[in-house]
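Heads up: the sequence shown begins at 7 in the numbering used here, then just goes up one per residue. The C-beta atom is built at its ideal place from N, Cα and C for all residues, glycine as well. Treat the numbers as computed from the prediction; the structure is a model and nothing was measured.
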Amino acid sequence: MNVAEAVGAALAALGVRAAFGVVGSGNFHVTNALVEHGVRYVAARHEGGAATMADAYARMSGTVAVLTVHQGPGLTNALTGVTEAAKSRTPLLVLAPEVTSPTSNFRIDQTALAEAVGAHCARVGSAATVVDDTVMAFLAALLGRRTVVLNLPLDVQAETLPDEAADAVRELLAGRGGAHRDVASRVPAAWGLTFPVEAGDDEESRGIPAEPSDELTRFARMLAEAERPVFVAGRGARGARRELEALGERVGALFATSAVAKGQFHGSPWDLDVSGGFATPLAAELIRGADLVVGWGCSFTMWTTRHGALIGPETRVVQVDLDSDALGVHRDIDLGVVGDVRETARAVAALLGEGEPGAEGETGTRGYRAPEIAERIAREGRWRDVPYENLSAGGRIDPRTLTIGLDDLLPQERLVAVDSGNFMGYPSMFLTVPDGSAFCFTQAYQSIGLGLATAIGAAVARPDRLAVAALGDGGALMGVAELETVVRLGLPMVVVVYDDEGYGAEVHHFGPHGFPLGAVTFPPADIAGIARGFGFEAVTVRREEDLSGVAEWLKGPRDRPLLVHAKVTADRPSWWLEEAFRGH
7 MNVAEAVGAA LAALGVRAAF GVVGSGNFHV TNALVEHGVR YVAARHEGGA
57 ATMADAYARM SGTVAVLTVH QGPGLTNALT GVTEAAKSRT PLLVLAPEVT
107 SPTSNFRIDQ TALAEAVGAH CARVGSAATV VDDTVMAFLA ALLGRRTVVL
157 NLPLDVQAET LPDEAADAVR ELLAGRGGAH RDVASRVPAA WGLTFPVEAG
207 DDEESRGIPA EPSDELTRFA RMLAEAERPV FVAGRGARGA RRELEALGER
257 VGALFATSAV AKGQFHGSPW DLDVSGGFAT PLAAELIRGA DLVVGWGCSF
307 TMWTTRHGAL IGPETRVVQV DLDSDALGVH RDIDLGVVGD VRETARAVAA
357 LLGEGEPGAE GETGTRGYRA PEIAERIARE GRWRDVPYEN LSAGGRIDPR
407 TLTIGLDDLL PQERLVAVDS GNFMGYPSMF LTVPDGSAFC FTQAYQSIGL
457 GLATAIGAAV ARPDRLAVAA LGDGGALMGV AELETVVRLG LPMVVVVYDD
507 EGYGAEVHHF GPHGFPLGAV TFPPADIAGI ARGFGFEAVT VRREEDLSGV
557 AEWLKGPRDR PLLVHAKVTA DRPSWWLEEA FRGH
């Protein structure tokens, strides 16, 4: 057994279920070793797509995903997707072959490259240390919730393992002890401590226990005193819905989410949906009126707080996060609590139940949960409830009308993946998702062109749901090669392209000031025809009646994926973009 084979075998033994990549000479053997030991390998058409597929798979599956690339250009091609994953704290392990000859065309400083984009870097040092090096890189991704680039020097990959190291690999594969006793069996439990998946949530599942502390006691007191509390859940709150809803019931809190956690409280009568630039007018009003806002695994970025405008000047702010370094980074907070979201909610609820913060066992008032608030949420709580002027005309459909129509047609058991651009608010806010594990939003780096690959990775992770990719025309054509991947994998996916024939954000940013727009506008493209060339079914939508083609596809057999080429109106920016411009 050589080092490349050992790395693949060890990762399979540690629980890796899927790897994504583009194979070249440097990662040929390690990729085949992964496959030999039961890891599913998904071949992408470009490393940038492969990186984003792996990122989305990790987000939707709750497991560490592997990206495998060629040395040098394979890694640089993947860099945008790796950057998105690193900024999003996605547990992703990048297998990056590394040349050692200074005269090689492939020679770059891969460590500096990885660290420059926020990824952690590790290296397999020798055949004797390959098991230790691989396990530690895996656990750094898993327990540290980070993207790790594991450099695999080409000369080291070819080394034959000494007997002790080969035995360690076999012990891992057999689930036996040795120097890494029980590592494979302990990984699922460890994963539940850091990034629980909602689908696996149960009453017995526990996170890192929340120890009694002055911060917890103070937090409980602030909740007991609050009259208008709002909970904002981020990605770090995934899997903690039951605990947050129970605590919210005690203190009368309304619920909202950051964009990446959309759907976390779907179905609750107190759900305001997304906070920030995507917030409905009602959500913005009620969040702004809160006297206490608690961020649960939420970093309070400028997008979630609408550049700070959603936090009132007298509002007290609490932030709960596993990472102490995340507290107070994006805005001042009144209290920071380091801890697992689920366990912190349980601990604070217990304090309230014991009556420590208040008098004689009081558990707080009903807070924001007045009957008139419930009625307003039921009546005005979704964007489709907000009246608008339908601007469909001239062979172009209003993107709001389009998306409401799609929301009515598509099955509720869906996954939604959204690319970046002027259009992105429409699918993000007008397409509902059934829970907090159904919205995949790779937007930490704000790159266009990632949406299709995001949907592919999500679909591979959750084949039980219909994947819906929402793209702009610019992003769709940027990632167009991965249409072939969708067809090859047999994914019954719906790809919706909001085509305004330009880079809409730039058009609406610079156009009003009289700047020339020739560099950001394009002639019409037959995107439906392009999709058919890859093996898709396709419909072009210019008016609401054209959605009948989508209805026909949904009736079955869905043996080919569907692309919806929507010619959307382009004469005004989306509401969320107008909000963003105010913050520039």
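Can the beta-carbon of residue i be found closer than 8 angstroms to that of residue j?
i, j, result
"Leu-73", "Phe-26", "yes"
"Leu-421", "Ala-482", "no"
"Gly-478", "Asp-425", "yes"
"Ala-567", "Val-493", "Sequence inspection shows Pro at residue 567; the Ala mentioned does not correspond to that position. The answer is yes: Cβ separation under 8 angstroms."
"Val-154", "Ala-118", "no"
"Leu-358", "Leu-222", "no"
"Ala-467", "Ser-94", "no"
"Arg-385", "Ile-410", "no"
"Ala-246", "Arg-312", "no"
"His-52", "Ala-487", "yes"
"Trp-309", "Ala-243", "no"
"Leu-158", "Val-22", "no"
"Glu-90", "Leu-456", "yes"
"Tyr-451", "Thr-86", "yes"
"Met-59", "Val-48", "yes"
"Arg-549", "Ser-398", "yes"
Taking the straight line between their C-alpha atoms, what separation do you get for residue i and residue j?
i, j, result
"His-571", "Leu-288", "32 angstroms"
"Ala-195", "Glu-551", "Note on Ala-195: pLDDT 42, under 50, position unreliable in the model; no value is reported."
"Pro-405", "Val-502", "11 angstroms"
"Tyr-432", "Pro-218", "44 angstroms"
"Pro-417", "Val-354", "38 angstroms"
"Met-430", "Asp-220", "42 angstroms"
"Arg-241", "Ile-379", "26 angstroms"
"Phe-201", "Thr-109", "Bear in mind that a pLDDT of 41 at Phe-201, under 50, signals an unreliable position, so the number given afterwards is only what the model happens to contain. Approximately 43 angstroms between the Cα atoms of the pair."
"Asp-329", "Gly-150", "9 angstroms"
"Thr-402", "Gly-345", "Here residue 402 is Arg; the residue named in the question, Thr, does not match the sequence. About 50 angstroms."
"Val-299", "Gly-32", "50 angstroms"
"Leu-497", "Gly-535", "19 angstroms"
"Trp-276", "Gly-254", "9 angstroms"
"Leu-437", "Pro-97", "27 angstroms"
"His-186", "Asn-8", "With a pLDDT of 40 at His-186, under the threshold of 50, the predicted position of this residue should be treated as unreliable, though the coordinate-derived value follows. Rounded to the nearest angstrom, the two C-alpha atoms are 19 angstroms apart."
"Gly-181", "Glu-249", "34 angstroms"
"Ala-171", "Ala-537", "49 angstroms"
"Gly-206", "Thr-546", "At Gly-206 the pLDDT is 42, less than 50, meaning the model places this residue with poor confidence and gives no usable figure here."
"Ala-576", "Phe-528", "13 angstroms"
"Asn-428", "Val-439", "21 angstroms"
"Gly-510", "Val-526", "8 angstroms"
"Pro-522", "Pro-579", "17 angstroms"
"Thr-263", "Cys-304", "8 angstroms"
"Leu-495", "Thr-135", "37 angstroms"
"Gly-80", "Trp-582", "35 angstroms"
"Ala-128", "Arg-46", "24 angstroms"
"Ala-252", "Val-13", "44 angstroms"
"Trp-559", "Ala-332", "45 angstroms"
"Ala-259", "Gly-318", "16 angstroms"
Within the continuous beta strand (DSSP E) that includes residue i, where are the two ends?
i, result
"Lys-573", "568-573"
"Gly-87", "Looking at the DSSP string, Gly-87 is not in any beta strand (DSSP E); the run it does join, the alpha helix (DSSP H), is 85-93."
"Leu-421", "420-424"
"Ala-71", "71-74"
"Gly-54", "Here Gly-54 belongs to no beta strand (DSSP E); instead the alpha helix (DSSP H) covers 53-67."
"Ala-277", "Reading off the sequence shown, one finds Asp at residue 277, where the question assumed Ala. 277-280 is the extent of the beta strand (DSSP E) around Asp-277."
"His-35", "Note, His-35: premise wrong, no beta strand (DSSP E); alpha helix (DSSP H) at 34-42."
"Ala-262", "260-263"
Below 8 angstroms on the Cβ atoms is my guess for residue i versus residue j; work out the distance and round it to an integer in Å.
i, j, result
"Ala-232", "Val-257", "6 angstroms"
"Phe-284", "Ser-434", "6 angstroms"
"Gly-269", "Gly-442", "5 angstroms"
"Ser-132", "Val-162", "6 angstroms"
"Leu-341", "Phe-225", "6 angstroms"
"Ala-64", "Ala-71", "4 angstroms"
"Pro-235", "Tyr-374", "6 angstroms"
"Ala-147", "Leu-178", "Ala-147 to Leu-178, Cβ: 17 angstroms. No contact."
How would you write the range of the alpha helix (DSSP H) that residue i sits in, first residue to last?
i, result
"Val-155", "No alpha helix (DSSP H) contains Val-155, which is instead part of the beta strand (DSSP E) from 153-159."
"Glu-11", "9-19"
"Pro-377", "377-386"
"Asp-404", "Per DSSP, Asp-404 belongs to no alpha helix (DSSP H) and is neither H nor E."
"Pro-433", "431-436"
"Arg-227", "220-231"
Let me see if you follow: with CB-CB separation under 8 angstroms, is residue i close to chain B or not?
i, result
"Leu-298", "Among the chains of the structure shown, chain B does not appear; only one protein chain is present."
Minimum length 3: unbroken beta strand (DSSP E) runs contained in the segment 514-572: 543-547
Secondary structure, alpha helix (DSSP H): runs of 4+ residues fully inside the segment 483-508: 488-495
Alpha helix (DSSP H) runs contained entirely in the segment 291-337, provided each spans 4 or more residues: none
Runs of beta strand (DSSP E) lying entirely within the segment 98-183, each at least 3 residues, in chain order: 98-104, 126-129 and 153-159
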